[in-house]
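Report on the following structure.
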Ligand SMILES: CC/C=C\C/C=C\C/C=C\C/C=C\CC/C=C/C(=O)SCCNC(=O)CCNC(=O)[C@H](O)C(C)(C)COP(=O)(O)OP(=O)(O)OC[C@H]1O[C@@H](n2cnc3c(N)ncnc32)[C@H](O)[C@@H]1OP(=O)(O)O
Ligand SMILES: Cc1cc2nc3c(=O)[nH]c(=O)nc-3n(C[C@H](O)[C@H](O)[C@H](O)COP(=O)(O)OP(=O)(O)OC[C@H]3O[C@@H](n4cnc5c(N)ncnc54)[C@H](O)[C@@H]3O)c2cc1C
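Residue numbers (UniProt numbering): 1 to 664.
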């Protein structure tokens, strides 16, 4: 029945002001209004339809994405959208496309690594999309090890040009999004060679295709790397392969903010750290943390609404069966994910602030916070994407069999999302960067160099190494100071234990190699502490709206206590808590689940997702799942005819043969 809200009872149970929570989720009233307006604009435009994606062939899918991207660009210009609005529009169109890399990496790479002159030349072209660019770093043979890249950029002083070359098969650029079929230009990372000397990896702007007929320029071989995981999913993106055969570019197309090559071929370095060449990755990792909260919240929204609609067992006297959300097992799987979505949202807001702060400092030649920014973006990218990928799959299972249908939206969400654990830095490799940062910090304790920012808790290392948790009753676990101290103690003890074990090796790199698995765990403990502490910090702010702060407090405690429960080995073995305190934490967790239960649907409504964006029959706002699931099934092309194509060739002969056998 149209117009009936099957989740109305659930919505009536809410104990907080949903409209105020929507503003908290969005970040501000302005952000909420903008998001709300743009998401409706996209949802109401039939050109942005996306429910047919799993049915399309790769070619159809890709052409469809080109059409949508062109339509989005047209609307952005017609409506004169601001950069913020245009980004939101692309977000709600919800289809990975070359434009993500153009705006998300090509433009930031030029901005971050180019000189003023280079900005003046290239940015206006890129802003108007008169050129389309991608970020060509990874090669067939090397992705994580950026210093191992093989592509060369050799300076030719005769002609004042660089010669870009792919010396081996493994030096072929491999993976860049937007490269395969669309980009006219790329920021290419290559080893800079002047006068026979290798100066390591630098960025160069290289034109790949003709601006007249789109054909590859001489010396360039370029194409798509082929079908990826999942049917529709990330196959809307033309991840590409690229080879150079002595391609010449003018000297001024090397991005020269960090270092320069003079007309005479002299290599000079500016007064900035060479790691700024990696700056675009720091930027995108920060965006990916924010993206994690959105992807996880989408899956959680679907699983929560459906868990209220779905009923199994427990009917008494012919009454309704139990809503599956009322099973404690369902709550124990779902509510920590709901809490994680909020936790990641808040930590991503903080990370955005940290990134902006670092950028402002860099402008003033203050590079002191760069290592912490690198550790935080790398670590949080790793933590949040791994949890989100696992969380989406858990949400699929929480929806039982129907979660496996494409119309649930979950298979595609999972397939699109999982590469986030790999791109922009493999998650384990990134955690090892955090571990290096931690080991450096521990080694400097007592040297007079004060740990600052997210690592400042280590200043109290002496106390944290021996403190005892004061929890005696389950309610004691609700005290933020208790939770913080326990998480700080665990992180400190794990890092210090790694440092002590490392010191037993004569060769530190050998020790590091041997202890990789422990180091990764110490890094995770540190990152989980950051997420918990930023949630607690958020709750210290003034948060208006009836019941909003209270329900967020419940989610914060669920996030922390669930992490504690899942990592009891760490907490107990490092002596941070006793097994008795562990069971009190579990008791508190169960009580928190009961408190959150009536608020569950309102908490996912607060994400303010349109049905178009969710793309899920199970997650529909009105909860009217069954008739729509039924209707959706009939739309499958297999149901176009009652007797399937292939019946006469393949089914009938078998049946006839069986008939003959039966007669015998
Ligand atoms: C694109 C869309 C954008 C926005 C759209 C919206 C949402 C986003 C959603 C989806 C994204 C869509 C598509 C994804 C596109 C994907 C793109 C890519 O994948 S691009 C390729 C990314 N590649 C990597 O991430 C490679 C990973 N490897 C590395 O980063 C480094 O090489 C590594 C960190 C492993 C360092 O290796 P190592 O050899 O040890 O280091 P090196 O000697 O080079 O340097 C050591 C020194 O430098 C410090 N350091 C390292 N990295 C950084 C950094 N980024 N910033 C600052 N400092 C850094 C390191 O700590 C060390 O310091 P010390 O010497 O110890 O002090
Ligand atoms: C969908 C998608 C989009 C992408 N888009 C782009 C793009 O636009 N531009 C671009 O340049 N690149 C892009 N990439 C490439 C991406 O950045 C790399 O794949 C990523 O950095 C991982 O590198 P790798 O493939 O070399 O993995 P590898 O490093 O080969 O990893 C393989 C395994 O080895 C392990 N490992 C590697 N090194 C270590 C170590 N030191 N210690 C312990 N374990 C280790 C890893 O944990 C992993 O388990 C994209 C990739 C994907 C999947």
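Positions of the beta carbon are idealized from the N, C-alpha and C atoms, including for glycine.
**OP:** Say yes only if the C-beta of residue 18 is nearer than 7 Å to one or more non-hydrogen atoms of ligand 1, and no if none qualify.
**Re:** By one-based count along the chain shown, residue 18 stands at place 18. Closer than 7 Å to some heavy atom of ligand 1: that does not describe the Cβ of residue 18.
Original post:
Helix, strand or coil: how does DSSP classify residue 174 here?
Top reply: Sequence index remark: in the chain shown, residue 174 carries index 174 (1-based). Of the three classes helix, strand and coil, the one that applies to residue 174 here is strand, per DSSP.
Original post:
Taking residue 516 as the reference, which of 442, 546, 434 has the closest Cα?
Top reply: The count along the chain shown starts at 1 and reaches residue 516 at position 516. Of the candidates 442, 546, 434, the residue whose Cα lies closest to the Cα of residue 516 is 434.
Subject >> C-beta contact flag for residue 180 and residue 235 at 8 Å >> reply: Locating residue 180 in the chain shown gives position 180, counting from the first residue. Locating residue 235 in the chain shown gives position 235, counting from the first residue. It is not a contact, given that the beta carbons lie outside the stated cut-off.
Subject >> Burial state of residue 1 (16 or more Cβ within 10 Å) >> reply: Here the question's residue 1 lines up with position 1 in the chain shown. Below a pLDDT of 50, predicted positions are generally treated as unreliable, and residue 1, at 42, falls in that range; no measurement from the model is reported.
Subject >> Coarse secondary structure for residue 191, derived from DSSP in three states >> reply: Sequence index remark: in the chain shown, residue 191 carries index 191 (1-based). Three-state DSSP puts residue 191 in a strand.
Original post:
Less than 8 Å separating the beta-carbons of residue 237 and residue 425?
Top reply: In the chain shown, residue 237 corresponds to position 237, counting from 1. In the chain shown, residue 425 corresponds to position 425, counting from 1. When the beta-carbon positions are compared, residue 237 and residue 425 stay at least 8 Å from each other.
**OP:** Per DSSP, which residues does residue 248 bridge with? Please list them.
**Re:** Taking the first residue of the chain shown as 1, we reach residue 248 at position 248. DSSP, once it has assigned bridges, lists 163 as partnering residue 248.
Subject >> DSSP three-state assignment for residue 206, whether helix, strand or coil >> reply: The residue you call residue 206 lines up with position 206 of the chain shown. In the three-state DSSP reduction, residue 206 falls in the strand class (E or B).
**OP:** Using only the heavy atoms of ligand 1, determine whether one of them is closer than 7 Å to the beta carbon of residue 374.
**Re:** Along the chain shown, one-based indexing puts residue 374 at 374. If you check the C-beta of residue 374 against ligand 1, you find a heavy atom less than 7 Å away.
Original post:
Taking the C-alpha atoms as reference points, what is the distance between residue 329 and residue 384?
Top reply: Walking along the chain shown from the start, residue 329 turns up at place 329. Walking along the chain shown from the start, residue 384 turns up at place 384. CA-to-CA, the gap between residue 329 and residue 384 works out to about 23 Å.
Original post:
In whole angstroms, what separates the C-alpha of residue 618 from that of residue 31?
Top reply: Indexing the chain shown from 1 puts residue 618 at position 618. Indexing the chain shown from 1 puts residue 31 at position 31. If you take the alpha carbons of residue 618 and residue 31, they lie about 27 Å apart.
Original post:
What three-state label does DSSP hand residue 155 in the structure shown?
Top reply: What you label residue 155 is simply residue 155 of the chain shown in a count that begins at 1. DSSP, reduced to helix, strand and coil, places residue 155 within a strand of the structure shown.
Subject >> Distance, residue 374 Cα to residue 581 Cα >> reply: Taking the first residue of the chain shown as 1, we reach residue 581 at position 581. Taking the first residue of the chain shown as 1, we reach residue 374 at position 374. Using only the alpha carbons, I get a separation of about 35 Å.
Original post:
For residue 353, does the count of other Cβ atoms within 10 angstroms reach 16, so buried, or fall short, so exposed?
Top reply: As a working mapping, residue 353 is identified with position 353 in the chain shown. Exposed, by the Cβ-count rule.
Original post:
Whose C-alpha, out of 155, 143, 99, is nearest the C-alpha of residue 667?
Top reply: The structure shown has nothing for residue 667, since the chain only spans 1 to 664.
**OP:** Would you mind working out which of 332, 520, 539 sits nearest residue 693, comparing C-alpha positions?
**Re:** Coverage of the chain is limited to positions 1 through 664, which leaves residue 693 absent and any answer about it impossible.
Original post:
Pairing CB atoms from the region 285 to 302 with CB atoms from the region 612 to 629, are three or more of them under 8 Å?
Top reply: They touch, by the three-pair rule.
**OP:** Let me know if residue 350 comes out buried or exposed under the rule of 16 or more other beta-carbons within 10 Å of its beta-carbon.
**Re:** Residue 350 sits at position 350 when you count from the first residue of the chain shown. Residue environment: residue 350 is assigned as buried (16 or more neighbouring CB atoms within 10 Å of its CB, all protein chains considered).
Original post:
Counting only beta-carbon atoms, is residue 405 nearer than 8 Å to chain D?
Top reply: The structure shown contains no chain D; it is built from a single protein chain.
Subject >> Every unbroken alpha helix (DSSP H) within the region 270 to 345, with a cutoff of 4 residues, ordered by chain >> reply: Counting whole runs of 4 or more residues, the region 270 to 345 contains the alpha helix (DSSP H) stretches 279 to 309.
**OP:** Examine ligand 2 and report whether any of its heavy atoms sits within less than 7 Å of the Cβ of residue 429.
**Re:** In the chain shown, the residue the question calls residue 429 occupies position 429. Yes, the beta carbon of residue 429 sits closer than 7 Å to at least one heavy atom of ligand 2.
Original post:
The beta strand (DSSP E) spanning residue 94 covers which residue range?
Top reply: Counting from one through the chain shown, the residue named residue 94 turns up at place 94. That residue, residue 94, is in no beta strand (DSSP E); it is neither H nor E in DSSP.
**OP:** Along the alpha helix (DSSP H) that carries residue 486, what are the first and last residues, could you check?
**Re:** Working through the chain shown from its first residue, we reach residue 486 at position 486. In the DSSP assignment, residue 486 falls within the unbroken alpha helix (DSSP H) covering 480 to 502.
Original post:
In three-state DSSP terms, what is residue 260?
Top reply: Taking the first residue of the chain shown as position 1, residue 260 is located at position 260. Strand, per DSSP.
Original post:
Could you give the distance in angstroms between the alpha-carbon of residue 590 and the alpha-carbon of residue 477?
Top reply: As a first step, residue 590 is located in the chain shown; it is residue number 590 there, counting from the start. As a first step, residue 477 is located in the chain shown; it is residue number 477 there, counting from the start. Rounded to whole angstroms, residue 590 to residue 477 spans 12 Å at the Cα level.
Original post:
Do residue 384 and ligand 1 come close, with the Cβ less than 7 Å from some heavy atom?
Top reply: Within the chain shown, numbered from 1, the residue matching residue 384 stands at position 384. Result no, Cβ not under 7 Å from ligand 1.
Original post:
Going by the C-beta, is residue 41 closer than 7 Å to any heavy atom of ligand 1?
Top reply: Residue 41 sits at position 41 when you count from the first residue of the chain shown. No; taking the cut-off as 7 Å, the Cβ of residue 41 has no heavy atom of ligand 1 nearer than that.
Original post:
Measuring CB to CB, does residue 522 end up less than 8 Å from residue 561?
Top reply: Here the question's residue 522 lines up with position 522 in the chain shown. Here the question's residue 561 lines up with position 561 in the chain shown. Contact: no.
Subject >> For residue 19, three-class secondary structure by DSSP >> reply: Here residue 19 refers to the residue found at position 19 when the chain shown is read from its first residue. In the structure shown, residue 19 sits in a helix (DSSP, three-state: H, G or I).
Subject >> Coil, strand or helix - residue 506 by DSSP >> reply: Sequence index remark: in the chain shown, residue 506 carries index 506 (1-based). Residue 506 falls in the coil class under three-state DSSP.
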